[in-house]
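Okay, so here's the structure we're looking at.
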Amino acid sequence: MLNVREPDWSYVGRSLLKVLVVTAALFLAFSAVDRVLWIFIDSDDERMARVYGTAARVANPDKRLPYGYGHVGELLETTYVLLGEPRRAGDADSTGYEITENLFGTVQAPSLGGPVGGLSDAIDSLETGPGVNEELTEKARKTLDGLPQTLDAVAVVEFTQAMTAERLVAFNRRNKLCGGADVSYIYSPAPHYDDSSDDPPVNAVVWNRDMTEEGPWEDFTYQCETEPEAALKEFRRWVGLLDEGDDLSAFELDYRWLAGTAEEGVVHGLVVDRWKLADLRKLLDDPEVRTVHLADVAFDIDGTR
Numbered sequence: 443m444l445n446v447r448e449p450d451w452s453y454v455g456r457s458l459l460k461v462l463v464v465t466a467a468l469f470l471a472f473s474a475v476d477r478v479l480w481i482f483i484d485s486d487d488e489r490m491a492r493v494y495g496t497a498a499r500v501a502n503p504d505k506r507l508p509y510g511y512g513h514v515g516e517l518l519e520t521t522y523v524l525l526g527e528p529r530r531a532g533d534a535d536s537t538g539y540e541i542t543e544n545l546f547g548t549v550q551a552p553s554l555g556g557p558v559g560g561l562s563d564a565i566d567s568l569e570t571g572p573g574v575n576e577e578l579t580e581k582a583r584k585t586l587d588g589l590p591q592t593l594d595a596v597a598v599v600e601f602t603q604a605m606t607a608e609r610l611v612a613f614n615r616r617n618k619l620c621g622g623a624d625v626s627y628i629y630s631p632a633p634h635y636d637d638s639s640d641d642p643p644v645n646a647v648v649w650n651r652d653m654t655e656e657g658p659w660e661d662f663t664y665q666c667e668t669e670p671e672a673a674l675k676e677f678r679r680w681v682g683l684l685d686e687g688d689d690l691s692a693f694e695l696d697y698r699w700l701a702g703t704a705e706e707g708v709v710h711g712l713v714v715d716r717w718k719l720a721d722l723r724k725l726l727d728d729p730e731v732r733t734v735h736l737a738d739v740a741f742d743i744d745g746t747r
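Residue 622 in my numbering sits at position 180 of the sequence shown; the count goes up by one each step and never skips.
Structure below.
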């Protein structure tokens with residue numbers, strides 16, 4: 443018959459205590475090394491802001507995200523935060539967007555909900571080279587004419603065909619427009635996603651030159667009528683910062699898609715932010731404007747915009 447001995451519980455307790463002490467010591471040591479490395483090693487958070495912060499703005503055209511900052515994270519990850527608000531014609535609540543890159547280059551960016559609502563639908567409805575459609579243009583005229591012309595609007599202006607930067611400059615001069623923070627360029631509509639394909643879905647490419655800026659305190663000016671040329675130049679410069687190894691999947695963007703779009707350099711439409719309906723209505727008389735898709739309208743009660 444086996445003689446089963448009672449465990450030495452005091453020994454077990456001491457062993458468990460030693461394990462806990464060693465674990466705590468390793469944790470403290472790891473934390474100390476983490477802090478030291480963040481001080482003495484360049485985490486390249488500036489590139490993270492320029493690449494992934496800008497990618498987040500491109501991927502969320504229905505959000506205004508002008509402010510960004512990095513903060514001390516853990517040894518195995520870098521975090522960058524964008525602050526802003528939904529792109530509405532009226533007032534909107536602020537929102538946040540946190541981007542995290544780990545040591546292996548994998549990026550996580552919990553979605554702000556993705557482009558949603560009327561603006562997303564308007565961007566998604568754009569086609570490449572759709573041509574003239576008088577019936578559609580007339581329908582947009584009737585819609586705009588039936589609303590108070592002093593309303594503020596967020597909208598998409600769709601062209602009859604893709605516009606080069608030079609043609610957009612001529613378009614601005616013809617219509618006495620000045621490109622700025624309230625005009626973004628749709629360099630590529632989102633392609634129709636095929637569920638049967640292995641290719642991941644990609645977002646439309648919507649660009650404004652301030653997407654690479656980190657706040658109004660930076661010295662930044664627009665070029666008014668010739669802004670389309672400056673915008674394309676900056677877009678190509680940003681794409682040139684990208685590497686094929688950059689993980690853009692969290693933003694539903696693709697390096698080759700962006701590189702091809704930048705090389706082509708044509709604009710299929712404009713996202714206009716808080717324009718008066720009267721100004722949008724005038725554009726429908728231009729032969730190169732196919733239609734105007736309203737995304738949101740609001741009264742400017744205090745008359746500040």
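Ideal placement from N, C-alpha and C gives every residue a C-beta, glycine not left out.
Rounded to whole angstroms, the separation of the alpha carbons of Pro-528 and Thr-537 is 7 Å.
Put simply, of Gly-571, Ser-567, Arg-506, Leu-568 the residue whose alpha carbon is nearest the alpha carbon of Tyr-539 is Arg-506.
Straight across, the Cα-Cα distance linking Gly-526 with Leu-462 is about 44 Å.
At the C-beta level, Asn-502 and Glu-519 stay beyond 7 Å of one another. With a cutoff of 7 Å on beta-carbon distance, Ala-632 and Asp-566 are scored as near each other. A Cβ-Cβ contact shorter than 7 Å links Ala-597 with Leu-736. Nearest in C-alpha terms to Glu-730, of all of Thr-579, Gly-512, His-513, is Thr-579. In the three-state DSSP reduction, Phe-613 falls in the helix class (H, G or I). The residue from Leu-722, Thr-733, Leu-458 with its alpha-carbon nearest to that of Gln-591 is Leu-722. The alpha-carbon of Leu-610 is positioned some 6 Å away from that of Pro-670. Put simply, of Thr-542, Asn-645, Phe-613 the residue whose alpha carbon is nearest the alpha carbon of Tyr-511 is Thr-542. Assignment of beta-bridge partners to Ala-595 by DSSP yields Trp-717, Val-739.
In terms of Cβ geometry, Thr-733 and Glu-600 form a close pair [threshold 7 Å].
Following the DSSP letters along the chain, one finds Arg-506 inside the beta strand (DSSP E) bounded by residues 505-513.
Taking Gly-621 as reference, the option from Val-713, Tyr-522, Leu-459, Leu-719 with the minimal CA-CA separation is Val-713. At a Cβ-Cβ threshold of 7 Å, Asp-594 and Ala-720 do not count as neighbours.
Here Cys-666 has Cys-620 as same chain residues with Cβ atoms under 6 Å from its own Cβ, once five neighbours each way along the sequence are excluded. Boundaries around Gly-682 are those of the alpha helix (DSSP H), 669-683, since no beta strand (DSSP E) includes it. Between Leu-690 and Ala-497 a beta carbon distance of about 6 Å is seen, short of the 8 Å cut, so the two are scored as contacting. Under the 10 Å beta carbon count, Asp-715 is surrounded by 16 or more other beta carbons and is classified as buried. By the criterion of a C-beta distance shorter than 8 Å, Val-500 is surrounded in its chain by Asn-645, Val-647, Val-648, Trp-649, Met-653, Phe-693, Leu-695, once the five residues flanking it on both sides are discounted. Contiguous alpha helix (DSSP H) elements confined to the region 560-597 occur at 576-587, taking only those with 4 or more residues. For Gly-526, the enclosing beta strand (DSSP E) stretches over residues 519-528.
Ranking Asp-624, Arg-616, Glu-706 by CA distance to the CA of Pro-508 puts Asp-624 first.
Nearest to Glu-705 by alpha-carbon distance, out of Ser-630, Asp-563, Asn-575, Gly-532, is Ser-630.
A direct Cα-Cα distance of roughly 18 Å separates His-710 from Arg-615. Per the coordinates, the alpha-carbon of His-513 lies some 30 Å from the alpha-carbon of Ala-701.
Straight-line measurement puts the Cα of Ser-626 at about 17 Å from the Cα of Lys-618.
Taking C-beta separations shorter than 6 Å and ignoring five residues to either side along the sequence, the partners of Glu-686 in its chain run Tyr-697, following chain order.
Counting other Cβ atoms within 10 Å of its Cβ, Arg-530 reaches 16 or more and is therefore classed as buried.
In the DSSP assignment, Thr-542 falls within the unbroken beta strand (DSSP E) covering 537-544.
Listed as beta-bridge partners of Cys-666 by DSSP are Gly-621.
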